[in-house]
Amino acid sequence: MLLKNFGFTPTEGQKKVLRHLSAFILTQKERPVYLLRGYAGTGKTTLVSTLVKTLPQIGMKFQLLAPTGRAAKVMSKYTGTTALTLHKRIYRFQAVANGELRMTRADNKAKNTVFIVDECSMISDQGDGFSWSRSLLDDLIEYVFSGSCCKLLLIGDSAQLPPVGLDISPAMDFNILRNSFNLTIATFEMKEVMRQALESGILHNATNLRNIMSPSPQVSESPSQYQSQCHSQCHSQCHLPLLNINGFNDIIKIDPMSFEELLWQSFGDKRSNNDAVVICRSNKRANMFNQAIRSRVLQEEGELSTGERLMIVKNNYYWSSPSPVSCSPSPISQIPFLANGDMIEVTRINKIEEMYGFHFAGVDIQLMDYKDTPTLSVKILLETLHSEAPALTDDENKRLYHAVEEDYLDIPRATDRRKAMRENPYFNALQVKYGYALTCHKTQGGQWRNVFVEAPYLPEEDTLGLSDLRWLYTALTRASEKVYLVNFKDEWFEE
22 MLLKNFGFTP TEGQKKVLRH LSAFILTQKE RPVYLLRGYA GTGKTTLVST LVKTLPQIGM
82 KFQLLAPTGR AAKVMSKYTG TTALTLHKRI YRFQAVANGE LRMTRADNKA KNTVFIVDEC
142 SMISDQGDGF SWSRSLLDDL IEYVFSGSCC KLLLIGDSAQ LPPVGLDISP AMDFNILRNS
202 FNLTIATFEM KEVMRQALES GILHNATNLR NIMSPSPQVS ESPSQYQSQC HSQCHSQCHL
262 PLLNINGFND IIKIDPMSFE ELLWQSFGDK RSNNDAVVIC RSNKRANMFN QAIRSRVLQE
322 EGELSTGERL MIVKNNYYWS SPSPVSCSPS PISQIPFLAN GDMIEVTRIN KIEEMYGFHF
382 AGVDIQLMDY KDTPTLSVKI LLETLHSEAP ALTDDENKRL YHAVEEDYLD IPRATDRRKA
442 MRENPYFNAL QVKYGYALTC HKTQGGQWRN VFVEAPYLPE EDTLGLSDLR WLYTALTRAS
502 EKVYLVNFKD EWFEE
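Residues 22 to 516 (my numbering) are what the sequence shown spells out, left to right.
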């Protein structure tokens, strides 16, 4: 039935995956996981859409999930079915003995359900700062298999950037999954790029980069082969040229004058500026591009304006949690927390103020990837808009903590004092950055019609390592229509 619903003549790799998926959805083994890795352009999305169409026909339920709101939006678009973020599905608020609310992993009440998770290269096995969570990967696996007769399909591209601070993507690693989580796991990696996909300059170049990272072009079912190839490449260097743009109209090297004109076309109308992004090599460079876009294209003089596009850069569950006093739901209580990477739009600016030695704005926001949710009134911290760090530094966090604590020193018990501080809206202000130019990690899981890619920094003349290749591969594959290459020297390109 999967083959019938596929609708096209499958490649050899796709045939194998269809056979694997048939066995996977029928298996009676304990804690079954299928890990599907694949190059861009190999047809992973078509296979997932086929599975989504087939499962209800055989009486099985499914749930589509992705690490971020933007990734869930992309998944919803290509499947035609609603996808949720991982945190929306697997976490919930719970009242504890002292009357506080805390977030915890939800109970999985699903039965006979296949959980299909896309963009798994983004999922970390490290703690995320919440005391109740071991890691997102731990919580996902334990959530799924706390349900009755549930299965887990992990999908992703292991050539993309791993989570920040890691050398590999643990949710894409067969050995980590098998050895750490007591799973019955099978895996396959799709390497055969579809012929029509290779007509795209974006995918042609992405495939070339992918082959450099994993040089064996043959399809392999060995779970260890990819890892050994990747690790053997980690300390090697490859040399320019790496890119071929000859004869393609969807990947274009642009000069400074063209760059400014294209920025006007992409960002000049705030109603459509969600269709483009500039991908930069550092927060410092992203700040520079954001300031240029705001001042020269959007003609913004102030620090913040209505219609501003921002990205949340630190998880925050204060503004979406139920009221700790009344337990009444938040306007967006169906979203457990505002997650690092969520895009928001400022719909109204209520007040700009200075408190505790920092600057804050009281604003109304709309979650850009959850358009069905109402606006939410929040406070945002303005310092992070211009910071070269990913979010507030440890020193800045300590300074804010101690400044807020001064207001609560009349509370004698330290535990009561900390509890009161946790209800301070300034202490819980959203940490945000402008959302026009972003680092590559921040764009992961998303897709934009037009993507401007700034040339990566080369520490040694004309050489790139594995992390550089992953960076460029991830950046190129964020575009659905066009990639514009910014500040790339001629040495990058084949003649």
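Glycine included, every Cβ here is placed at the ideal spot set by N, Cα and C.
The residue from L397, M376, F381, M389 with its alpha-carbon nearest to that of R369 is L397. When the alpha-carbon of G62 is set against those of L331, A360, G222, F473, the nearest one is in G222.
By the Cβ neighbour-count rule, D139 is buried, with 16 or more other Cβ atoms within 10 Å of its own.
Take the alpha-carbon of M332 and the one of N133: they are about 36 Å apart.
A Cβ-Cβ contact shorter than 8 Å links E163 with R126. Contact check for L56 and F195: beta-carbon distance about 6 Å, within the 8 Å limit, so the pair qualifies.
In the DSSP assignment, G486 falls outside any beta strand (DSSP E) and carries neither an H nor an E. Non-local C-beta neighbours of F379 in its own chain, meaning closer than 7 Å and more than five positions away in sequence, comprise L402, E404, L421, ordered along the chain.
Under the DSSP assignment, I401 falls in the beta strand (DSSP E) whose first and last residues are 397 to 402. Its chain contains I206 as the residues whose beta carbon lies nearer than 6 Å to that of R199, once the 5 sequence neighbours on both sides are disregarded; these appear in chain order. Under the DSSP assignment, D160 falls outside any beta strand (DSSP E), being part of the alpha helix (DSSP H) whose first and last residues are 157 to 165. For a cut-off of 8 Å, the C-beta gap from T106 to T89 is around 6 Å, short enough to register as a contact. Judged by beta-carbon spacing, I300 lies beyond the 8 Å limit of C259, meaning their Cβ atoms are not closer than that value. Between F509 and the set P477, A500, N270, S488, the nearest pair of CA atoms involves P477. The way I'd put it, the stretch 29 to 36 doesn't touch the stretch 170 to 188; fewer than three beta-carbon pairs between them come closer than 8 Å. The continuous alpha helix (DSSP H) containing W285 extends over residues 277 to 288. Taking a C-beta distance under 8 Å as the contact criterion, K82 and A131 qualify as a contact pair. Judged by pairs of C-beta atoms under 8 Å, the stretch 270 to 290 does not touch the stretch 433 to 453, as fewer than three such pairs exist. DSSP places E502 in the uninterrupted beta strand (DSSP E) bounded by 500 to 507. Cβ atoms of I144 and L158 come within 8 Å of each other, at about 5 Å. Secondary structure at F202: helix, using DSSP grouped into helix, strand and coil. Straight-line measurement puts the Cα of N337 at about 39 Å from the Cα of L47. Beta-bridge annotation (DSSP): A192 is not paired with any residue.
Judged by DSSP secondary structure, F310 falls outside any beta strand (DSSP E) and instead within the alpha helix (DSSP H) spanning 304 to 313.
Selection K335, K440, S70, T327 evaluated against D385 yields T327 as nearest (Cα-Cα).
If you look at Q452, you'll find it in the beta strand (DSSP E) that goes 451 to 455.
The beta carbon of V318 sits closer than 6 Å to those of L284, W285, F288, G289, all from its chain and outside the five residues before and after it, given in chain order.
Boundaries of the alpha helix (DSSP H) around Q35: 33 to 47. The DSSP assignment places 415 to 426 as complete runs of the alpha helix (DSSP H) inside the stretch 402 to 426, in order along the chain (cut-off: 4 residues).
Ranked by Cα distance from E515, the options E444, A424, N267 are led by N267. Sequence-distant partners of R302 (beyond 5 residues in either direction) whose C-beta falls short of 7 Å from its own C-beta, in its chain, are E475, P477, Y478. In this structure, DSSP gives D428 a helical state, which the three-state scheme calls helix. Only buried fits C461, as 16 or more other CB atoms lie within 10 angstroms of its CB.
The alpha-carbon separation between K454 and K25 amounts to approximately 47 Å. Comparing alpha-carbon positions, the option among E281, Q312, V135, V38 lying closest to K212 turns out to be V38.
In the three-state reduction of the DSSP assignment, F358 falls in the coil class, being assigned neither a helical nor a strand state.
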